[in-house]
Amino acid sequence: MTNQSIAKEKSVFLLTDSDWHTRTIQFIVGILMLALYVWIAAGVLNLLFNLPEILKNGWAQIAEHIIVDIVLILAILELIRILQSYLSVGRVKVTFILDVALVVLIGELIGLWYKEYTSVEVGLHIAAITMLILLRIVSIRFSPNTID
15 MTNQSIAKEK SVFLLTDSDW HTRTIQFIVG ILMLALYVWI AAGVLNLLFN
65 LPEILKNGWA QIAEHIIVDI VLILAILELI RILQSYLSVG RVKVTFILDV
115 ALVVLIGELI GLWYKEYTSV EVGLHIAAIT MLILLRIVSI RFSPNTID
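Residues are numbered in my numbering as their position in the sequence shown, beginning at 1, plus a constant of 14.
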């Protein structure tokens, strides 16, 4: 046997083998995605089971919970998009992370509508959303690859 084939056989059993790391990460990310899919299914079922409550108590009392639940489901979908991107490209795209942050912050801003809030809180939310939008524009503009 040559030295290269012996080194290759030894690297199969070592933790430094890149194929082993790749398969392990893909397995862990797959489990995370499966957990997120189950979480989405539970959220959709929760929304459907709350529909009779809406008919009894009226739309106004339940609307906040439904809107927040829907925004959370959208944020989870964005997280799945991040994981899919990682599996296909091998890296996480900044734009996807910013999308998740935007969805969550916009959901929080919508949630302020149903709570007591100050103009400072609304201003801070709007400023944070504006900064994330600007960061998203910059990240798309100066992306290392043009496919996004």
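Positions of the beta carbon are idealized from the N, C-alpha and C atoms, including for glycine.
Closest Cα partner of G44 within the set G57, F63, V85, S99
Taking the first residue of the sequence shown as 1, we reach residue 44 at position 30. Of G57, F63, V85, S99, the residue nearest in Cα terms is S99.
Between T109 and I42, which are expected to be in contact by the criterion C-beta below 8 Å, what is the C-beta distance as a whole number of angstroms?
What you label residue 109 is simply residue 95 of the sequence shown in a count that begins at 1. What you label residue 42 is simply residue 28 of the sequence shown in a count that begins at 1. Rounded, the Cβ-Cβ distance is 23 Å, inconsistent with contact.
E130 lies in the alpha helix (DSSP H); which residues open and close that run?
For this step, residue 130 is matched to residue 116 along the sequence shown. It is not in any alpha helix (DSSP H) - E130 carries neither H nor E in the DSSP assignment.
If you compare alpha carbons, which of I54, I80, T36, I94 is closest to N64?
Locating residue 64 in the sequence shown gives position 50, counting from the first residue. Cα-wise, what sits closest to N64 is I80.
Can you give the beta carbon distance from L126 to V136, rounded, assuming they're within the 8 Å contact cut?
One-based indexing of the sequence shown puts residue 126 at position 112. One-based indexing of the sequence shown puts residue 136 at position 122. Indeed, because the Cβ distance is near 6 Å, the residues count as touching under 8 Å.
Opening and closing residue of the alpha helix (DSSP H) in which F63 lies
Reading the sequence shown from its first residue, position 49 is the one you call residue 63. Unbroken alpha helix (DSSP H) run through F63: 32–63.
Note down the Cα distance separating L101 from L91, rounded to an integer number of angstroms.
Taking the sequence shown and counting its residues from 1, one reaches residue 101 at position 87. Taking the sequence shown and counting its residues from 1, one reaches residue 91 at position 77. Cα to Cα, the separation comes out at about 15 Å.
Three-way DSSP call (helix, strand, coil) for D162 in this model
Position 148 of the sequence shown, counting from 1, holds the residue named residue 162. Low confidence applies to D162: its pLDDT is 46, below 50, so where it sits in the model is not reliable, and the reading given next is rough at best. D162 falls in the coil class under three-state DSSP.
For Y131, which residues from the same chain have a beta carbon less than 6 Å from its beta carbon, with the 5 sequence-adjacent residues on both sides left out?
Position 117 of the sequence shown, counted from the start, is the residue given in the question as residue 131. Nothing listed; no residue qualifies.
Given this structure, state the Cα-to-Cα distance separating M145 from H139, to the nearest angstrom.
What you label residue 145 is simply residue 131 of the sequence shown in a count that begins at 1. What you label residue 139 is simply residue 125 of the sequence shown in a count that begins at 1. Rounded to the nearest angstrom, the two C-alpha atoms are 10 Å apart.
Between V117 and A89, how many whole angstroms is the CB-CB distance? I'm expecting something under 8 Å.
Mapped onto the sequence shown, residue 117 falls at position 103. Mapped onto the sequence shown, residue 89 falls at position 75. Contact between V117 and A89 holds: their C-beta atoms lie close to 5 Å from each other, under 8 Å.
Taking the C-alpha atoms as reference points, what is the distance between I68 and L93?
Residue 68 sits at position 54 when you count from the first residue of the sequence shown. Residue 93 sits at position 79 when you count from the first residue of the sequence shown. Taking the straight line from one Cα to the other gives about 29 Å.
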